[in-house]
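Residue numbers (the numbering used here), protein chains in the order written: chain Y, 172 to 596; chain D, 172 to 596.
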C-alpha cells in the first residue's frame, strides 16, 4: 500500500497537484529569464518541488526541468525506486554509483544534453557541493554553460505558505506541545537534561505515531516524530543561546530555555519557553517580564503590510527604552555608554534578532531583522523569539510560531507563556 | 569548569597541539600554493582545524588564516563566547546579526583586509552557501580576489587519522555496540521499529553519559550519545537501502537491516547487521551467506598499498562469479543478460559500492569503489558493507568499521556477524 499512489486514502501530505503548481511557477521563472532549464541540488528545494525527501551524501542528486516543463530526477541507483515512488516522475535517470567510472556528472551531462538544457542554465549552485567527500566539476566546467542562480526566486516562493503547508505546521505544533508538556513534567531538581529530554521526546513520538498512524510520515532528513530538550541552555549556560548540549543536572535557581517541535511531512514548528527551577528571584522575575513584554511588542508590530525590519526595530526600541529597576551591572563587566545604542537600556542583554520564517527548514527567510525589509504578507509563518542573556543569571527566551492572516496574525503555539505556569517546583 | 582550559584534567578530546599540527599542515599548503590565506566555511573543516562545533544556519561562520599563520574566527555575536571558549583563538571577530545592516560580509571583508588576505585566496567554497535563507555575495564578488579551492587538500589530510582520532572512533564503536545489543534484545514480533529504536537509543545514551561523565562531549551537530535503528529497512522495504523511516510492526519472516553508532567528540563509527525475524528460509540463508562472504572478500583485499578500487573490484568479482543455487528470478523481473556484467551472477542484487571512509563525517572519502584509485594507507578508517537487495526477500548488509594498520587491518566493530547470532526468536 502506498499513500502516494492512491488518492482515495485520507492523507495530510502535500498533494501532487500542489507540487505541480510549485514547479509551474518555477517554469514561469525559467521562461521569463529565457533559461534553457534548471538544475537543483539542494535537498529542501527538491523536497519542495517533488515531495522527494532524501539524506544528502557524497552521491549527488538533482532535479532537472527544461524550458518545455519536462522534469527528471538524477539519482544514484541506490535511490532509484525511492525517487520513482516519491516523485511519480516518468523520467528518473540513475547512475551506477559515486565515484565510479565514468563520474556520475558524465551521465548528468548526457541527460542535460538530451533535455536541451544548455547555454543559460538556472541552478541553485554551480555544481554539487563537496560534502561527505564528494569531488566533481562545477556545472559550468561540465557543460560550458552560463549558470544563473535561481535560489532567490525559490526562497521568495517558499516564503508564502499554502493552506496545506500551514495545516502541516499546525499539526507539528500539537506534537511539539505534547513533547514540551512532558519535558516540563519530568524536569526536577537532580534529574539530568538528557534523561528528561530523551524521555519526553521518546514518549511524545510514540504517542504521535500511534495517534496519526498512516497519516504520518516524517519526510525529514534527521528527525522523526516530536522532540523537546534544552540544548545546553541551562543555568549560566543559558546565556549562550546555541550552545551544544551537555548532560547537566538541574539545580534550584536554574533558568532553563527549552526547545520543542515535531516534523510532519517535512514541516516543522518552534516552541521555546523559559522555565525557572524553584522560586524565581526578583532579578529573574524582572528579566522574564522584559522578555515576555518584548515578545508582545513583536506580536503587535507584526502585521501584513509592515516590513520585517519594522518588527525588529520595535523590539530593539523596547530594549533601548527600558532598563532594570536597579543599576544592575551589564553583562561581562562592559562599560555602559549611553551614547552608544549597543549599550542603551537593556541592549547589553541583546544577542539576536526577533525571529525568522519557518517551514520545511528550521530557519528560513525572511528574517525579523532590522536589515530585512521584506514586506510581511498573509501566509508567511514566523517564529517570534526576542531573548535576554545575562551571564550571571541565564538566558530568557520564549519562541512562538505564528501565521500571518489577511488582517493580523494567528499564534499557532498555545503553550502557557506566563511565569507562574513555567516554574519547576 | 571547562575541560578545554585545564589540561590537567583527564580528557579524551583531541588536544590543542594536535589541532595546531593540523592547521600547520594547511599553512604549509597555503605557502606552497603562494596563497595570501584561506577562508573556510564548512563546519566539518572548521571542527577539524579548531575543535569548534556549531550548527550551520543562515548566520555565516568562517575560519580565517593568513600566510603568516595568524588565525581568526568570524562568527555572529550569538556564537562569540562559544567560539572563544572552544577555539582559544585570540582573534574572534563578531558581526551583530544576519542579515542586519551592514551585511556580515562587509565585516568579513574588513577582517580579510586587515589580515592581508587578498589576491589569491584559498577557500572551500566561493562564499557562504545559501542555506536556511542566507543570501550574500560570493567571496570573489566581495573581495575581487581569485578564489582557489583547497577542499581537496583538506579531504586528503582528513583521510589519515591520528592515534587520538582512532581512539575516539574506538570509543564510538563500544557505545554503538551497546545500542545495537539493546536494539536486538527489544526487537520482537508485534513491536514497532520506532518504539524499539527509541528505547535502545535512549537507554544506551544514558548508560554512555553515566559511564563517561565529563570525559564525554558530543561535539556533533545533530546527535548526542548512541543510537540504533532500522531506517525503514524492514521486510520488503529493506531492498531500498536508504529509505526514510516508517513505523513498521515486526513480523515473522522479516529481514531487518540495522544501523548503530555513537558520536564521541564529533567522531563516529558504523555498525550494521542483517537480522531475520523467526526461522530463516533457505533463500534468506543463501543470501545472508553471500553477503557475509562478500564482506570477507573485502576484508581480505583491504590492506595498505592496495588501491580502494582493488577492494571494490574483488567484491564485484564475487557477485559476478557466484549465483544462487536455483534459477531464482532477478529483482524487478529484469531479464538476465549474461553478456552484460550488470546482470552476471549475483549482480542483479547489487546496488552500491563496498564502503567508505568515516571519521568526523558519517561518510567521507576515499571510497571503496571501482572509480576511486586512492592508495590505502595505514590509519585510514573504513566501513566495509557490500549489500544484496532482493525486492521479494529484503536487503542483506553488514557494515563493520575498521582501521588500516601497517601490515593489515583491525576490525574495530566486534558485534557477532554470523546468522545464528542474529535471529530474532
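From the three backbone atoms N, C-alpha and C, an ideal C-beta is built for every residue, glycine too. Just so you know, these numbers come straight off a predicted model, no measurement behind them.
Only residues of its own chain outside the window of five on either side were considered, and among them 183 and 435 have a CB closer than 7 Å to the CB of residue 342 of chain Y, listed in chain order. From the beta-carbon of residue 568 of chain Y, no residue of chain D is found nearer than 7 Å; the closest lies around 11 Å away. For residue 470 of chain Y, none of the residues of chain D pass the 7 Å Cβ criterion, the least Cβ distance being about 20 Å. Per the DSSP secondary-structure output, residue 265 of chain Y pairs in a beta bridge with Y:246. DSSP places residue 204 of chain Y in the coil class of the three-state scheme, outside both helix and strand. Taking a beta-carbon distance threshold of 8 Å, residue 393 of chain D counts as an interface residue toward chain Y. Using a Cβ-Cβ cut-off of 8 Å, residue 304 of chain Y is close to 326, 527, 528, 532, 534, 535, 536, 537 and 538 of chain D, given in chain order.
The C-alpha of residue 208 of chain D lies about 10 Å from the C-alpha of residue 319 of chain D.
Taking C-alpha positions only, residue 390 of chain Y is separated from residue 187 of chain Y by approximately 15 Å. The Cβ-Cβ distance between residue 560 of chain Y and residue 514 of chain Y does not fall below 8 Å.
In the structure shown, residue 320 of chain Y falls within a strand segment according to DSSP collapsed to helix, strand and coil.
Fully enclosed alpha helix (DSSP H) runs of no fewer than 4 residues are not present anywhere in the region 413-445 of chain Y. Residues 426, 447 and 564 of the same chain have their beta carbon placed closer than 7 Å to that of residue 455 of chain D, with the five preceding and five following residues left out of the count. For residue 522 of chain D, the closest Cβ of chain Y is nearer than 8 Å. Of all residues in the region 206-230 of chain Y, only 213, 215, 224, 225, 226, 228, 229 and 230 place a beta-carbon less than 9 Å from a beta-carbon of chain D. The Cβ atoms of residue 546 of chain D and residue 530 of chain D lie no closer than 8 Å to each other. Cβ neighbours of residue 291 of chain Y within its own chain (closer than 8 Å, five residues either side excluded): 204, 205, 206, 207, 316, 317 and 319. The beta-carbon of residue 346 of chain Y is placed no less than 8 Å from the nearest beta-carbon of chain D. The C-alpha of residue 247 of chain D is placed about 9 Å away from the C-alpha of residue 523 of chain Y. Under DSSP, residue 236 of chain Y takes part in a beta bridge, and its partners are Y:209 and Y:242. Counting the other CB atoms within 10 Å of its CB gives residue 212 of chain D a total of 16 or more, which places it among the buried residues.
Judged by their CB atoms, residue 535 of chain Y and residue 266 of chain D are not nearer to each other than the 8 Å cut-off. The C-alpha of residue 275 of chain Y is placed about 11 Å away from the C-alpha of residue 282 of chain Y.
Membership of residue 537 of chain Y in the beta strand (DSSP E) is indicated by the continuous run 535-539. Note: residue 573 of chain D is bridge-paired with D:553 and D:582 in the DSSP secondary-structure output.
DSSP places residue 289 of chain D outside both helix and strand once states are collapsed to three, so it counts as coil. Cα atoms of residue 387 of chain D and residue 327 of chain D: separation of roughly 28 Å, rounded to the nearest angstrom. Ranking Y:478, Y:537, Y:462 and Y:549 by CA distance to the CA of residue 517 of chain Y puts Y:462 first.
With a cutoff of 8 Å on beta-carbon distance, residue 333 of chain Y and residue 372 of chain Y are scored as not near each other. Comparing C-alpha distances from residue 268 of chain Y to each of D:587, D:579, D:487 and D:549 shows the shortest one belongs to D:487.
If the five residues before and after residue 593 of chain Y are omitted, its C-beta is found closer than 6 Å to the C-beta atoms of 444 and 446, all from its own chain and listed in chain order. Pairing residue 256 of chain D with residue 344 of chain D, the inter-Cα distance amounts to about 28 Å. Judged by beta-carbon spacing, residue 322 of chain D lies beyond the 8 Å limit of residue 297 of chain D, meaning their Cβ atoms are not closer than that value. Annotation: Cβ neighbours of residue 543 of chain D in chain Y (cutoff 7 Å, chain order): 270.
In this structure, the CA atom of residue 223 of chain D is about 6 Å from the CA atom of residue 258 of chain D.
An exposed status is given to residue 476 of chain Y, since fewer than 16 other beta-carbon atoms sit within 10 Å of its beta-carbon.
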